[in-house]
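Converting from the sequence shown to the working numbering requires adding 526 to each position, the first position being numbered 1. The beta carbon of each residue, even a glycine, is placed where N, CA and C say it ideally should be.
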Amino acid sequence: MIVKEFLDKCKEKLNISSSYALAKEWGVSETILSNYYNGKRSPDEFACFKIAETLNLDPAFVIAQIRAENEKDEKKAEYFRVFGGLLRKQAVNIVLVLVCVGSLVSAPDTENDNLLIAISASCATALFLRLRRFV
């Protein structure tokens, strides 16, 4: 169950052992959090944003993953799974861009020029290949 996994990861990240402590940290009732854990209730937008904030994830990714799991219509569930996967790939693309830019902006140093050129070329190639998958 993805919600339980998200909540367990949040507790781990915050170094919290109980659901009560997590509920208190987020300012929600323990009953509501317990309902999320037991699958009796799906997390609302506030809870999804708190999960995303705690785990440093895109809130849309969290919402898409939870909706994919809870959606009865398989076509819609697949849409949410694909959407969530695209968000993850976009995050990787952003990291690649930052690495490329960082390697180009480095201070000039004749000893490392060839290495920087190689890193920049590799990053540009990787980014190009990744972006082609989205077109």
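Distance cut-off 8 Å: residue i Cβ against heavy atoms of the ligand SAH
i, result
"residue 605", "Looking for the ligand SAH in the displayed structure turns up nothing, as the structure carries no ligands at all."
DSSP-derived helix/strand/coil call for residue i
i, result
"residue 596", "helix"
"residue 533", "helix"
"residue 528", "helix"
"residue 545", "helix"
"residue 538", "helix"
"residue 660", "Only weak support is given to the placement of residue 660: the predicted model assigns it a pLDDT of 48, under 50, and the value that follows is read from those uncertain coordinates. Coil at residue 660, not helix or strand."
Nearest-angstrom beta carbon gap, residue j and residue i [assumed within contact, 8 Å]
i, j, result
"residue 545", "residue 556", "6 Å"
"residue 520", "residue 536", "What is shown of the chain runs 527 to 661, which leaves residue 520 out entirely."
In chain order, each alpha helix (DSSP H) run of at least 4 residues that lies wholly inside the stretch 549-591: Here the runs fully enclosed are 556-564 and 571-581.
Give a yes or no on contact between the stretch 547-562 and the stretch 572-592, applying the rule of three or more CB pairs nearer than 8 Å. yes
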